[in-house]
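Q: Encoded as structure tokens, here's the structure I'll be asking about.
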Amino acid sequence: MAKNTTKSVTINITLPESIGTLDFSAHAATTTTESSTTNNDSSYVATLNNYVVPTTASMNVTNRHCTGTGLESFFECELFPSSISEHEAVFNSDGTVSIPGYPDYSGAWSVVGDELTFNYSYFGTIEAEFVGYGVDSTNCWEGETTFPGSPYNSMYEVCTH
């Protein structure tokens, strides 16, 4: 670039749903004497686009997930496919959750706009709590499941079928 000129760069990128911030930074280095280097760095925090997922009164869902500590995105699970487990659940029309084959588990669910929340209870004690957001046009939400009293978290992809 010639002296006293500027250059703009535009990037279009699809980012994963994340509970953490998605930060970008750029740095321009020079090999010549520059009177001011204050404009050689820039940063940006991405704003995620979330989508309303079509829902029905009662829905069968597949929950794909991986578990660890400090996880922030289901994308991290997809980097290690063998870490992904899955299970089926039914979101019933009365706002309760059933897990086929596990009658001792129950739960509650709701959708408001692009946000899905649900929990799983075992004999009435909440064991897992999920908050996620609609992603693209995939009929899926992605988000975090926490376990009360535990340092572990799971990143979930919850898809209707």
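Numbering that gives the first Met the number 0 puts the first residue of the sequence shown at 0, with every later residue one more than the last. Yeah, the Cβ is synthetic: ideal placement off N, Cα and C, and Gly gets one too.
1. Flag this pair as yes or no: are the beta carbons of G142 and V130 separated by less than 8 Å?
2. For E87, which residues of its own chain have a beta-carbon under 8 Å away from its beta-carbon, when the five flanking residues on both sides are left out?
3. What separation, rounded to the nearest whole angstrom, lies between the Cα atoms of T20 and Y151?
4. Rounded C-beta distance between G133 and S120? I'm assuming under 8 Å.
5. Since C65 sits in a beta bridge, which residues does DSSP pair it with?
6. Would you give the residue range spanned by the alpha helix (DSSP H) that F73 belongs to?
7. The beta strand (DSSP E) that contains T124, what's its start and end?
8. Take the Cβ of T36 as the centre, count every other Cβ of all protein chains shown within 10 Å, and call the residue buried at 16 or more, exposed below.
9. Quick check: the Cα distance between V96 and G69, rounded to an integer number of angstroms?
10. Would you check if the region 9 to 28 and the region 72 to 85 touch, i.e. whether three or more CB-CB distances between them fall below 8 Å?
11. Since V157 contacts L115 with CB under 8 Å, what's their CB separation in whole angstroms?
12. Where in the region 10 to 36 do unbroken runs of the beta strand (DSSP E), each at least 3 residues long, occur, reported from the N-terminal end onward?
A: So, from the data block:
1. Position 143 of the sequence shown, counted from the first residue, corresponds to residue 142. Position 131 of the sequence shown, counted from the first residue, corresponds to residue 130. Going by C-beta atoms, G142 is nearer than 8 Å to V130.
2. In the sequence shown, the residue the question calls residue 87 occupies position 88. So the list reads N59, V60, T61, N62, I98, P99, once near-sequence residues are dropped.
3. Start at 1 with the first residue of the sequence shown, and residue 20 comes out as number 21. Start at 1 with the first residue of the sequence shown, and residue 151 comes out as number 152. Each residue's alpha carbon lies about 20 Å from the other.
4. As a first step, residue 133 is located in the sequence shown; it is residue number 134 there, counting from the start. As a first step, residue 120 is located in the sequence shown; it is residue number 121 there, counting from the start. Not a contact, Cβ separation roughly 25 Å.
5. Residue numbering aside, residue 65 sits at position 66 when the sequence shown is read from its first letter. DSSP lists M154 as partners of C65.
6. Residue 73 sits at position 74 when you count from the first residue of the sequence shown. Element bounds for F73: 73 to 77.
7. For the purposes of this step, residue 124 is taken as residue 125 along the sequence shown, with counting starting at 1. In the DSSP annotation of this structure, the continuous segment of the beta strand (DSSP E) that includes T124 starts and ends at 124 to 134.
8. In the sequence shown, the residue the question calls residue 36 occupies position 37. T36 should be labelled exposed.
9. Taking the first residue of the sequence shown as position 1, residue 96 is located at position 97. Taking the first residue of the sequence shown as position 1, residue 69 is located at position 70. Rounded to whole angstroms, V96 to G69 spans 27 Å at the Cα level.
10. As far as the Cβ criterion goes, the region 72 to 85 touches the region 9 to 28, which means the pair count is three or higher.
11. Position 158 of the sequence shown holds residue 157. Position 116 of the sequence shown holds residue 115. The pair is a contact, with the Cβ atoms about 6 Å apart (cut-off 8 Å).
12. Within the region 10 to 36, the complete beta strand (DSSP E) runs of at least 3 residues are 22 to 26.
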